[in-house]
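Reading through the structure tokens given below for one structure.
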Amino acid sequence: MPKIVSNAALAARASAVIPGGHLSPSRRLGHPYVFVRASGAHLYDADGNAHVDFHCGFGANVLGHCHPAVAARIREVGDRIDLVGAGMMDLEVEAAEALVAAIPCAEQVAFCSSGSEATYHALRLARAATGRTKIIKFQGGYHGWHDYVAMNVQSAAGAIGDYDPISAGILADAARHTIVLRYNDAEAVEACLKARGHEVAAIIIEPIAHNVGSVIADRAFLEALRRMTREHGVVLIFDEVITGFRHALGGYQSLVGVTPDLATFGKAAASGYPLGLVAGRRDLLERVGRGGDGAVFMGGTFNGTPASLAALLATLDELRKPDTYRRLFELGDYLRRQLDGIFQRTGVEAQAAGFGSVWLPYFFKGDYRCYEDLLANDDRLDLAFRQAMVARRYISQPLPLKRLYLSLSHTRALVDEALDDMETILRDLARAPKAKPALV
Ligand SMILES: Cc1ncc(COP(=O)(O)O)c(C=O)c1O
């Protein structure tokens, strides 16, 4: 008997053995697509359908799926070495040198396996160095799943200004050391530091708040954070898990010209392979490299695993090629311009947002500088648009405010085809009665 492999059969098996049939609710598409192959800008499901990938592995796949240079480097390294976990490996030295050369704040780097680990370690380091306990994050920022920061991302209007955890089971005692302030609001930070600066170990910020789409921190705001954190002896951490390498080889810090004390990277760093890292000041990072008083434990069996370092080195080689970022930014700008044209033609109250290869529609008109401004978004329409896109096999998270991505494998022709479909979807939505789409 041939084994039946189809979307429906695999999805049924998944729901029996995996909670909810998905690794997390944020992976749920509302269709039983089960992917069996990925190449460039496309995903292929078990029924043999091709999908255009605007999700890009939560942004990790900046080069496109199964990029030949990444695959070849991993094969080559895999034949030579796998996890050692003792002493050093040549790959670690090569990767760290390349990162120190590329990232403005990086005097040293330390590897881990994910973005959440990187932010966890950066915050622990800041607490150890300052001897203080509090941290400041901003409403709308996501810095991973751990208890220090897993709160106040896409909060409901009534929950803003309050402790708003994203999960049950979070230790409230850990969370109460986190102060949540408004993004782009230097006065709020100043007031907080004046009152409690002596308690604050770190400010952690996404320099572009991509976890609620694309809200860009004003340069003046980042400069103010830099000045105030110096004055109050607070460690400034840029969480570049999304912005790092996707927008520039030196991270967003290299574009905006503000250098933090520490920066965390992940996702696109190794184009599809698990890798996180903390980069920053030598006097801070040296604590993870020594024993004794004030030493910081940054353990992890898989830290610096060769397959991920090989992927990182191959990704850096590709991203270093001339024109890489020009291509990503030109395609992103083109998509946003065309999408705005579609909004005008269809009369849908919306605007294209994003930066470089990160893009999304916001379903409201007007300025936005912080999460609170995004409460104007028409979530009903946003959801309906995204669900219709997924039904037409354009993959992204069907959830309001979530970012979409382009990779170096997406072409203008592919984007044009997608834009035609977006126009059809938006025309239909503009005509449709205002029924409430169900959350998938
Ligand atoms: C800005 C930011 N920081 C940290 C993380 C956590 O990274 P990971 O999912 O690799 O743990 C994410 C993940 O989306 C992120 O967007």
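If you read the sequence shown in this note's numbering, its first letter stands for residue 3, the second for the next number, and so on. Glycine included, each C-beta is placed from N, C-alpha and C at the ideal position.
Reduced DSSP category for residue i - H, G, I as helix; E, B as strand; rest coil
i: E284; result: Looking at the sequence shown, residue 284 is not Glu but Arg. Note: R284 maps to helix in three-state DSSP.
i: Y327; result: helix
i: D342; result: helix
i: Q389; result: helix
i: D241; result: strand
i: I105; result: coil
i: G278; result: strand
i: M153; result: strand
i: K136; result: strand
i: Q255; result: helix
i: Y122; result: helix
i: H33; result: coil
i: D81; result: coil
i: I76; result: helix
i: P400; result: coil
i: C58; result: coil
i: A203; result: strand
i: H145; result: coil
i: G246; result: strand
i: T266; result: strand
i: P21; result: helix
i: P308; result: helix
i: D47; result: strand
i: H412; result: coil
i: A170; result: coil
i: A14; result: helix
i: A272; result: helix
i: A52; result: strand
i: P435; result: coil
i: D335; result: helix
i: R371; result: coil
Through-space distance from residue j to residue i, alpha-carbon basis
i: T266; j: R433; result: 45 angstroms
i: H448; j: L377; result: In the structure as shown, the chain starts at 3 and stops at 442, and residue 448 therefore has no counterpart that could be examined.
i: Y275; j: P70; result: 14 angstroms
i: G278; j: D319; result: 18 angstroms
i: A97; j: L85; result: 16 angstroms
i: D47; j: A103; result: 40 angstroms
i: I138; j: F223; result: 15 angstroms
i: G163; j: G50; result: 48 angstroms
i: V350; j: V243; result: 32 angstroms
i: Y336; j: P435; result: 31 angstroms
i: E208; j: V280; result: 14 angstroms
i: K313; j: I168; result: Note that residue 313 is Ala in the sequence shown here, rather than Lys. Roughly 31 angstroms between the two C-alpha positions.
i: D384; j: R29; result: 17 angstroms
i: A464; j: I181; result: Nothing about residue 464 can be reported from this structure: the residues present for the chain run from 3 to 442 only.
i: F365; j: P324; result: 35 angstroms
i: D380; j: I344; result: 17 angstroms
i: S8; j: V36; result: 8 angstroms
i: T261; j: N186; result: 17 angstroms
i: V391; j: L264; result: Reading off the sequence shown, one finds Met at residue 391, where the question assumed Val. Looking at the two C-alpha atoms, the distance is approximately 38 angstroms.
i: M91; j: V38; result: 33 angstroms
i: F451; j: G294; result: No answer is possible for residue 451: it lies beyond the span of the chain, which begins at 3 and ends at 442.
i: G66; j: L408; result: 9 angstroms
i: G252; j: A14; result: 44 angstroms
i: A272; j: T317; result: 6 angstroms
i: D430; j: R198; result: 53 angstroms
i: A159; j: G368; result: 18 angstroms
i: P27; j: C114; result: 25 angstroms
Those residues which DSSP pairs with residue i across a bridge
i: A361; result: This sequence places Trp at residue 361; Ala is not what is there. DSSP output for W361 lists G356 and L406 as bridge partner(s).
i: G42; result: H67
i: T180; result: I137
i: I114; result: Here residue 114 turns out to be Cys, not Ile, going by the sequence shown. Paired residue(s): G278.
i: I210; result: I218
CA nearest to the CA of residue i, picked from the options
i: T135; options: G143, I162, D175 and A386; result: D175
i: R184; options: D81, A48, S17 and E374; result: E374
i: V202; options: L238, D325, A16 and F304; result: L238
i: E94; options: D430, Y46 and N305; result: N305
i: H249; options: K269, P262 and V236; result: K269
i: H212; options: G61, I76 and G368; result: G61
i: F140; options: L416, R229 and A190; result: A190
i: G42; options: H33, Y35 and H53; result: H53
i: L195; options: E233, K404 and A13; result: E233
i: L362; options: L406, T326, T413 and I206; result: L406
i: E78; options: L31, P308 and L321; result: P308
i: A100; options: S359, L311, H57 and I427; result: L311
i: A415; options: Q340, Q353, L428 and K367; result: Q340
i: R292; options: G334, Q156, L127 and Q346; result: L127
Proximity test, residue i beta-carbon vs ligand 2 heavy atom, cut-off 7 angstroms
i: H249; result: With respect to ligand 2, the structure offers nothing, as its ligand set consists of ligand 1.
TODO: Count the C-beta pairs between the region 141-156 and the region 251-259 that are closer than 8 angstroms, then say yes if the count reaches three, no if not.
DONE: no
Open item on the list: Within 8 angstroms, do at least three Cβ pairs link the region 389-399 to the region 287-294?
Closed with: no
Open item on the list: Quick check: the region 113-132 against the region 294-302, are at least 3 beta-carbon pairs closer than 8 angstroms?
Closed with: yes
- [ ] Answer yes if the region 161-175 comes into contact with the region 213-221, meaning at least three C-beta pairs across the two stretches below 8 angstroms, and no otherwise.
- [x] No, the region 213-221 is not in contact with the region 161-175.
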